[in-house]
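Heads up: the sequence shown runs through residues 2 to 284, numbered per our numbering.
Beta carbons are placed, not taken as given, at the ideal position from N, Cα and C, and that holds for glycine.
A quick write-up on the structure given underneath.
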Amino acid sequence: MVAALSPSRASDFMQCPLLYRFRVIDRLPSPPSPAAARGTLVHAVLERLFDLPAHQRTPEAAVALVAPVWQSLKELEPDLASLVDDHDDELPGHDSWYAEATALIQRWFTLEDPRALEPAERELYVEADFDGLTLRGYVDRLDVAPSGAMRVVDYKTGRSPSELFEGKALFQMKFYALVLWRLRGEVPRMLQLVYLGNGETVRYSPDEADLRATERKLKALWAAIQRAAETGDWRPRTSRLCDWCDHRALCPAWGGTPPPLPEAAAVLALAPQRSGEAGLAED
């Protein structure tokens with residue numbers, strides 16, 4: 002069992018300690034949704050597109066990947082097939098789930114030109130130790146210039162957030178930048194969030210002070226998680242996000258009753274499983 006934290010689980014605890022408990026200790030599954038499955042499909046197509054020679058990375062080639070990539074995803078996770086109407090594996094009409102996925106992929110070509118890109122890494126798993134705490138996660142794309150400068154790219158199939166929620170997305174990117182700095186000895190030059198929902202790109206250039214502050218924040222967050230694990234105090238923190246919580250019916254803030262804590266709760270809280278971190282896209 003390794004003390005470990007990912008951007009998703011860190012965000013869970015910051016949003017609501019009880020949500021962290023539900024996902025990490027109780028391991029309550031979140032029901033898969035068509036939107037999450039669509040995000041997974043789009044991410045997979047954009048990753049697979051770079052297997053083609055540069056001159057073949059066209060919108061038409063990307064759209065042609067939708068059906069075979071979706072079939073591959075269903076073979077890996079058969080439950081995905083029940084989320085959308087895919088009779089006979091034919092692509093339905095314009096207003097379908099597939100058409101929405103295709104539109105997101107086509108919009109990406111208005112934001113970046115894959116013919117001019119040669120990613121150094123795609124779906125890169127990164128992991129580094131910070132004084133006994135392992136920080137880990139998956140980077141959608143890492144671009145490295147001939148000079149060695151790094152650009153960390155993350156695709157989001159939703160719309161760009163308001164300023165109120167933009168910090169959460171940048172926190173995730175600073176998390177990746179911190180781990181890459183530790184692994185490669187250089188601060189990434191650019192953090193880039195590509196929002197396919199409304200065709201916007203958010204860019205941020207971190208510096209060492211940024212990443213040191215992120216490290217301090219993560220260590221303080223981990224100390225709070227350790228205190229909650231020792232005391233069993235996973236109190237809920239209500240916010241507007243409660244309206245979208247999959248576990249609201251079990252939350253005492255909304256009249257629910259959480260399941261009893263398992264005997265190994267303290268151990269489970271500090272060593273989240275790696276599996277599932279790169280499952281359905283969380284955007």
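Where does residue 19 sit, in a helix, a strand or coil, going by DSSP?
-> Start at 1 with the first residue of the sequence shown, and residue 19 comes out as number 18. The answer is helix: DSSP assigns residue 19 an H, G or I state.
Go to residue 258, then tell me how far its alpha helix (DSSP H) extends in each direction, as first and last residue.
-> Taking the sequence shown and counting its residues from 1, one reaches residue 258 at position 257. Segment: none, residue 258 is in no alpha helix (DSSP H) and carries neither H nor E.
Residue environment, residue 186, which counts as buried when at least 16 other CB atoms sit within 10 Å | Position 185 of the sequence shown, counted from the first residue, corresponds to residue 186. In this structure residue 186 is exposed. Its beta-carbon is surrounded by fewer than 16 other beta-carbon atoms within 10 angstroms.
Straight-line CA distance for residue 45 to residue 37?
-> The residue given as residue 45 occupies position 44 in the sequence shown. The residue given as residue 37 occupies position 36 in the sequence shown. If you take the alpha carbons of residue 45 and residue 37, they lie about 12 Å apart.
Return yes when the Cβ of residue 102 is within less than 8 Å of the Cβ of residue 43, no when it is not.
-> Mapped onto the sequence shown, residue 43 falls at position 42. Mapped onto the sequence shown, residue 102 falls at position 101. Yes, they are a contact pair.
Cα-Cα separation between residue 191 and residue 239, rounded to whole angstroms = The count along the sequence shown starts at 1 and reaches residue 191 at position 190. The count along the sequence shown starts at 1 and reaches residue 239 at position 238. Cα to Cα, the separation comes out at about 34 Å.
Reducing DSSP to helix, strand and coil, say where residue 135 ends up.
-> For the purposes of this step, residue 135 is taken as the residue at position 134 of the sequence shown. Of the three classes helix, strand and coil, the one that applies to residue 135 here is strand, per DSSP.
Say whether the segment 191–209 touches the segment 151–166, bearing in mind that this needs 3 or more beta-carbon pairs closer than 8 Å, one atom from each stretch.
-> yes
Measure the Cβ-Cβ separation of residue 139 and residue 126 and say whether it is below 8 Å.
-> Walking along the sequence shown from the start, residue 139 turns up at place 138. Walking along the sequence shown from the start, residue 126 turns up at place 125. In contact: residue 139 and residue 126 (Cβ atoms closer than 8 Å).
Are there three or more Cβ pairs, one per stretch, closer than 8 Å when the segment 22–31 is compared with the segment 52–66?
-> no
Residue from 148, 197, 131, 57 whose Cα sits closest to the Cα of residue 111 = If you number the sequence shown from 1, residue 111 lands on position 110. Answer by Cα proximity: 197.
Determine the closest residue to residue 17 out of 179, 260, 226, 183, with distance taken between C-alpha atoms.
-> Here residue 17 refers to the residue found at position 16 when the sequence shown is read from its first residue. Among 179, 260, 226, 183, the Cα nearest to that of residue 17 belongs to 226.
Whether residue 124 touches residue 76 by CB criterion (8 Å) = On the sequence shown, position 123 is the one that residue 124 refers to. On the sequence shown, position 75 is the one that residue 76 refers to. Not closer than 8 Å, so no.
Residue 201 - DSSP class collapsed to helix/strand/coil = Within the sequence shown, the letter at position 200 stands for residue 201. Note: residue 201 maps to strand in three-state DSSP.
Beta carbon of residue 146 nearer than 8 Å to that of residue 184 = Within the sequence shown, the letter at position 145 stands for residue 146. Within the sequence shown, the letter at position 183 stands for residue 184. Their beta carbons are not under 8 Å apart, which means residue 146 does not touch residue 184 by this criterion.
Give me the Cα-Cα distance between residue 118 and residue 195, rounded to the nearest whole angstrom.
-> Start at 1 with the first residue of the sequence shown, and residue 118 comes out as number 117. Start at 1 with the first residue of the sequence shown, and residue 195 comes out as number 194. Distance from the CA atom of residue 118 to the CA atom of residue 195, rounded to whole angstroms, is 15 Å.
Given residue 39 as reference, the closest of 171, 273, 261, 71 once Cα atoms are compared = Sequence index remark: in the sequence shown, residue 39 carries index 38 (1-based). That would be 71, whose Cα lies nearest to the Cα of residue 39.
Measure from the alpha carbon of residue 31 to the alpha carbon of each residue in 249, 270, 168, then state which is nearest.
-> Against the sequence shown, residue 31 aligns to sequence position 30. Checking every option, the nearest Cα to that of residue 31 belongs to 249.
Runs of alpha helix (DSSP H) lying entirely within the segment 30–61, each at least 4 residues, in chain order | Complete alpha helix (DSSP H) runs here, min 4: 35–50.
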